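Peer 1:
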Amino acid sequence: MSTFLQFMFTKYFWRHIGLMAFVSLLLVGFVFLLLSTYTHHGESITVPDLRKLTLEQVEQRLESLNLRYTVLDSAYQQDLPPLGVIDQNPKPGAKVKESRRIYLTVNATNPPLVPIPNIIDASLRSAEVQLNTAGLRVGQQIRVPDLAKNAVLDIKMNNTSIAPGTKIPKGSAVDLVLGDGLGNTRITVPSLIGLTFLQAKLALRGYGLNVGMVTKEENIKDMENALVTRQSPDPGPDGDRLITQGEPVDLFLRENPESPALQVPDTFGDIHLPPSSPANTGTAGKTGGN
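Numbering (numbering that gives the first Met the number 0), first residue to last: 0 to 289.
So this is what it looks like as structure tokens:
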């Protein structure tokens, strides 16, 4: 038997082998303990909701959790303060390790500039939709005499007219100058008595007036040809009563006896009967017999 084999069977050899194994286990255990302590193995932190917070609030919140942040991007939201958090990654509620970095999208310090849409002559409702789509708001509504009711006549900001296409900060409010539906011209009230309803409507339109309340004084079959029997306001006793263009005139109607819809045509008016018909042979109303 060789000397090495003899040595392997000695107590001295196995004592050293056991000591080496013990030291190795201690080293492995120490390394795992060190890694667990350094990486917080098995421990996690719930990411808080940072949206709508300022960066100062974010820093305080993350510092208490031993987390960090980086501003990755910026956008603009009108309802948030400058540098307020719009979005974050990881999302709120996610589980992360200590010292994890949270990436933020924050609100821009200065809002972007957007052009004012061309809303001149548009209705108020249409103007509101177009402004909201552009990220703008309707401020004051200024009414001025004009027959175009609720039509946009001018756009103002800080009491100064601004042209469509002008770029202003997103989220700004613009004031709209609107027609009140009334002109600034006073005219005498036209007399509509005796006109048909259709003629009265055309006359009012020609004078820049509107049809107000229409009252039927009886059952009317032919509305367009009904006769105007009364009106309010009326021309006055001297025919010099004044009215502002754009104002309404109420009408009272009755059936027109000469309405084409009420005329009964002559039985044989324009009807060409055949020669053999009773009306042409003189036998109408006669009966056969001897």
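Quick reminder that beta carbons are idealized off the backbone N, C-alpha and C, glycines included. All values derive from a computational prediction rather than experimental measurement.
Going by DSSP, name the residue or residues bridged to Phe290.
Peer 2: Because the chain spans 0 through 289 in this model, residue 290 falls outside it and cannot be assessed.
Peer 1: With 16 other CB atoms within 10 Å as the buried threshold, where does Leu203 fall?
Peer 2: Result: buried.
Peer 1: Please report how far the alpha carbon of Arg142 lies from the alpha carbon of Arg240, in whole angstroms.
Peer 2: For Arg142 and Arg240, the distance between alpha carbons rounds to 26 Å.
Peer 1: Going by beta carbon distance, what residues of the same chain come within less than 6 Å of Gly268, once the five residues before and after it are set aside?
Peer 2: Residue confidence is low: Gly268 scores 46 on pLDDT, short of 50, so the model does not pin down where it sits. Its coordinate-derived value is still stated next. None.
Peer 1: Using only the alpha-carbon positions, how far apart do Asn290 and Glu127 sit?
Peer 2: Past the edges of the chain, shown from 0 to 289, lies residue 290, and the structure says nothing about it.
Peer 1: So, using beta-carbon positions, are Pro111 and Lys169 closer together than 7 Å?
Peer 2: The answer is yes: Cβ separation under 7 Å.
Peer 1: Measure the Cβ-Cβ separation of Thr69 and Arg50 and say whether it is below 7 Å.
Peer 2: Going by C-beta atoms, Thr69 is not nearer than 7 Å to Arg50.
Peer 1: When the Cα atoms are used, what is the spatial distance from Ser63 to Val22?
Peer 2: Roughly 40 Å between the two C-alpha positions.
Peer 1: Whole-angstrom Cβ separation of Gly134 and Asp174, contact assumed at under 8 Å?
Peer 2: Not really, about 17 Å apart at Cβ, beyond 8 Å.
Peer 1: Might you give, ordered along the chain, the residues of its own chain that have their beta carbon closer than 7 Å to the beta carbon of Thr108, omitting 5 neighbours on each side?
Peer 2: Only Pro81, Leu82 meet the Cβ criterion.
Peer 1: Using the beta-carbon count (16 or more within 10 Å), is Asp72 buried or exposed?
Peer 2: So Asp72 counts as exposed.
Peer 1: Classify Pro259 as helix, strand or coil using the three-state DSSP reduction.
Peer 2: Correct three-state label for Pro259: helix.
Peer 1: Taking the Cβ atom as the reference point for each residue, do Ser363 and Pro247 lie within a distance shorter than 7 Å?
Peer 2: Residue coverage of the chain in this structure runs from 0 to 289, which leaves residue 363 outside it and unanswerable.
Peer 1: Which class does Ser23 belong to by DSSP, given the choice of helix, strand or coil?
Peer 2: Residue state, collapsed to three classes: helix.
Peer 1: Report yes if the CB atom of Val290 is closer than 7 Å to the CB atom of Val46, and no otherwise.
Peer 2: Since the first residue of the chain shown is 0 and the last is 289, residue 290 is not available in this structure.
Peer 1: Who are the near neighbours of Ser231 in its chain, counting only those whose CB is closer than 6 Å to its CB and skipping five residues on each side?
Peer 2: Cβ neighbours of Ser231 beyond the five flanking positions: Asp249.
Peer 1: At the level of alpha carbons, what is the spacing between Leu201 and Asp221?
Peer 2: Leu201 and Asp221: Cα-Cα distance of roughly 17 Å.
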